[in-house]
Structure formats: C-alpha cells, structure tokens
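Numbering-wise (the working numbering), the sequence shown opens with residue 28 and increments by one.
Note that beta-carbon positions come from the ideal geometry of N, C-alpha and C, so glycine has one too.
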Amino acid sequence: MAENCSKEDCYPEETGCNYEGCEVLKDCPHYKKTSATETVESNEEIDSKYFLRIPWTGNTFGLQDLNFLTSTSKVILIGITGVASAGKTTFLASLYCLLRNGHKIGDYHFSGSLTLNGWENIAWYLSWKQNNNIQFPPHTSGNSGRVPGLLHLSLRNNSGEKKELVFTDAPGEWFDSWTINQNDPNADGANWIHQNADAFFLFSDCEMLAGESLGKARRQIRQVSDRIKMGLGSRPFGLIWSKSDIELDAEIVEQVSSYVTNSEISNYSEFKTSVHEGKDGVFYDNILKSISWILETISKQVNKLPTVDQHRADDMFLSKR
Ligand SMILES: Nc1nc2c(ncn2[C@@H]2O[C@H](COP(=O)(O)OP(=O)(O)OP(=O)(O)O)[C@@H](O)[C@H]2O)c(=O)[nH]1
Ligand SMILES: [Mg+2]
28 MAENCSKEDC
38 YPEETGCNYE
48 GCEVLKDCPH
58 YKKTSATETV
68 ESNEEIDSKY
78 FLRIPWTGNT
88 FGLQDLNFLT
98 STSKVILIGI
108 TGVASAGKTT
118 FLASLYCLLR
128 NGHKIGDYHF
138 SGSLTLNGWE
148 NIAWYLSWKQ
158 NNNIQFPPHT
168 SGNSGRVPGL
178 LHLSLRNNSG
188 EKKELVFTDA
198 PGEWFDSWTI
208 NQNDPNADGA
218 NWIHQNADAF
228 FLFSDCEMLA
238 GESLGKARRQ
248 IRQVSDRIKM
258 GLGSRPFGLI
268 WSKSDIELDA
278 EIVEQVSSYV
288 TNSEISNYSE
298 FKTSVHEGKD
308 GVFYDNILKS
318 ISWILETISK
328 QVNKLPTVDQ
338 HRADDMFLSK
348 R
C-alpha cells in the first residue's frame, strides 16, 4: 500500500490511481481521507484541471513499476548487496556517470532508462566537487519498505540487441538484519532480492577492512556471502572490492576471498572498483567489466537447441521420421 491508498499494489501519488483510474484522488473509494491529505487533495484537484497524469515519473522504480517492464521485456535483475556504507550506491552512481560520459559495457552502450531521475539523484553528488573533494550520495534510507529502490538501464549493441537491466539500491541495514535473522521483518527486502535477483554483487569494503573494524567487516562479508550462496544455483556472484583506492593487505584479501569461495560457486569473479579512476582508469574499467561479466555469463546460460533428425537432408518437407 502506498501512502494513502487502501489497495496494496496501488501507488496513486507516484503512478496515478491503479484501480478506479480516478484523476481526482478524493473521488476514489479506496483513497483514505486524512487531515494530512487535505492539501494533497486540493492540489490534485487543481493539477487534474491543467495536467494529465503519466505513468512514468523517471523516479526509482517500485514493485508495481517493475511489472510494466517485466511484462514486455526480459529483465536482468542485479542484486547489489553488502552492509551499510560498503559503497553500493556510490558504485551505481559511478556506473551511471561512466555511461553518461559515453563509456560502454562490453559492446553495449547506454540506450535509455525509465528511472533517469533516480540515477540523476544519486549521481548528482558525484557530479560536483568542492575544493576538489568528491561529494558522496547520502546513506540509503532504511524505511523504504519491503522492496528496494530499483534503477533501470537499457543497453544496446551495434547489432541492435537490447538488454534491460535493473539494479537494486537497498539500505545496508537490510543485509545486517538478514545475516542475523532471515525471518526478521527488517530482512524482508534482502530476502526479496535473494529470491528474485538474476545475479549478485557482494560489496567488500576496503576502507573498513583496512581499518580498526577489520574483524567486524570480515565477519559481515562472510555472513552475507553465506546467505547469498544458499540456493544460488548458477546465478553469477561477483565480489566487489569497493573503495579499492584504499590499499588492502594481501593477506586480508586472501582470507576474505578464500572464505567466500570455500564451497563451489558456478559463476564467480572479483573486481576492484572505486569512485576514483585509479592508474590508467583501472577502477572505472572494472566497474564496466563487472556488468559485462554478468551479461556474458547470463547469455551463455541459454539452452542449446536440440538437433532434429532429418529423413532426407535435401528435402525439408520430409523432415519428420
Ligand atoms: N575512499 C573511498 N570512499 C568511498 C568510495 N565509495 C564510497 N565511499 C565512502 O563510503 C561512504 C558510503 O558510501 P555509499 O555508497 O553511500 O555506501 P552504501 O553501501 O550505499 O551505504 P548504505 O546506503 O548505508 O547501505 C561514502 O559516503 C564515502 O564516504 C570509494 O570508492 N572510495
Ligand atoms: Mg546506499
């Protein structure tokens, strides 16, 4: 239920009334009238006189919006996981800035997004430097419910093949709760990602691992990786060494990496990334390579067509035995 509608899957403030198609919300039988919504209602009335509602706001998707997309296209949902402050949102914002500057993911280039506002909201911070210091997006808020904010990207290659990607931008607290107790209501969002994602990135925070909270950071990464590996199947699982501009002891890298891979993972890879480009742009390259790796791995997983026996190769109409 969004805001003031009594229907669970209706988000009138975001996408318009889903059930009755009401343009003036106060006419809708499902819309709850509270004193706090009086102002919204009168604004709605004025708005509806002059403006038409459109379904796309360009904001970060919710579940209802995802339905619109998945009903028409095959979508690859990429679960971005990791504890609070691990660098998840900054990674997404950096990816968007790279695409905005014309960089490609393998041979795919940016061809649109239904959540441009959502991307711009997080990338905006990286786009401004104060005294030559990068500004970071704010902490992702934990009260956004059971489903994470979803950011959409359309990619296209030179042969015209299209890929629709959706990234989850979830608060780290969800994964903290998830590692402690899967049935905790605060872990609902993390469970949703685990069930629905086609691929995962786990963020391993070099800053935390290099600092005083090494023990805690290492434990948290291990715990989230254990959860992800449960029922992972052949879904790609990438370990992102986020904030790789901060040097990490080789021994710690080895400890974390060997723990994550202590049981077999069918599709596993690691990438060192950062909001800083690194030597010869290596960290930016790795952001793009990580997504490319997911696309390649998933596209290899299509079933091979069985060969059909032919009665006579020279006569296609006699192809049945
Ligand atoms: N040195 C360095 N610091 C970074 C980098 N990326 C993020 N940070 C720092 O880490 C903080 C947290 O980054 P976020 O991207 O908000 O982390 P998050 O995982 O989205 O955090 P939650 O939304 O709280 O779950 C930022 O405010 C920066 O201070 C990086 O590449 N290098
Ligand atoms: Mg965040």
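Within 8 Å, strictly: CB atoms of residue i and residue j
{"i": "S181", "j": "S140", "result": "yes"}
{"i": "T195", "j": "G85", "result": "no"}
{"i": "V302", "j": "L153", "result": "yes"}
{"i": "K270", "j": "D232", "result": "yes"}
{"i": "T300", "j": "F95", "result": "no"}
{"i": "R245", "j": "V280", "result": "no"}
{"i": "T142", "j": "F227", "result": "no"}
Local Cβ density within 10 Å of residue i, reported as buried at 16 or more and exposed below that
{"i": "F202", "result": "buried"}
{"i": "H179", "result": "buried"}
{"i": "L79", "result": "In this predicted model, L79 has a pLDDT of only 49, less than 50, meaning its place in the structure is not dependable; the value taken from the coordinates is given anyway. That one is exposed."}
{"i": "P212", "result": "exposed"}
{"i": "P165", "result": "exposed"}
{"i": "G265", "result": "buried"}
{"i": "V329", "result": "exposed"}
{"i": "I81", "result": "Only weak support exists for where I81 lies, its pLDDT of 49 falling under 50; the value from the coordinates is given anyway. Classification of I81: exposed, given that the 10 Å Cβ count is below 16."}
{"i": "N210", "result": "exposed"}
{"i": "I207", "result": "exposed"}
Contacts around residue i, its chain only, beta-carbon distance under 8 Å, and the 5 residues preceding and following it disregarded
{"i": "T97", "result": "none"}
{"i": "A340", "result": "none"}
{"i": "D307", "result": "none"}
{"i": "K59", "result": "N31, C32, S33"}
Candidates the options, of which the one nearest residue i by Cα
{"i": "R216", "options": "E234, G109, T324", "result": "The question names Arg, but residue 216 in the sequence shown is Gly. Comparing Cα-Cα distances from G216 to each of E234, G109, T324, the minimum goes to G109."}
{"i": "S326", "options": "R249, G89, A113, K190", "result": "K190"}
{"i": "E323", "options": "F227, P263, P39", "result": "P263"}
{"i": "D225", "options": "M343, N210, L259", "result": "L259"}
{"i": "R7", "options": "R246, L315, C32", "result": "What is shown of the chain runs 28 to 348, which leaves residue 7 out entirely."}
{"i": "S112", "options": "S285, D307, E234", "result": "E234"}
{"i": "I220", "options": "N208, G176, I248, Q247", "result": "G176"}
{"i": "G238", "options": "H130, L275, Q162, A214", "result": "L275"}
{"i": "G305", "options": "A277, D336, I273, G89", "result": "I273"}
{"i": "S204", "options": "L241, Q247, C32", "result": "Q247"}
{"i": "F137", "options": "G187, D342, N160, W151", "result": "G187"}
Beta-carbon proximity list for residue i, same chain, < 6 Å, skipping 5 on both sides
{"i": "D134", "result": "N184"}
{"i": "S252", "result": "L229, V287"}
{"i": "L332", "result": "none"}
Spatial neighbours of residue i in its chain, beta-carbon cut-off 7 Å, leaving aside the 5 residues before and after
{"i": "K243", "result": "none"}
{"i": "T116", "result": "I149, P164, T167, D196"}
{"i": "S296", "result": "G265, W320"}
**Item:** Residues near ligand 2, criterion Cβ-heavy atom distance below 7 Å
**Value:** K115, T116, P164, H166, T167, D196, P198, G199
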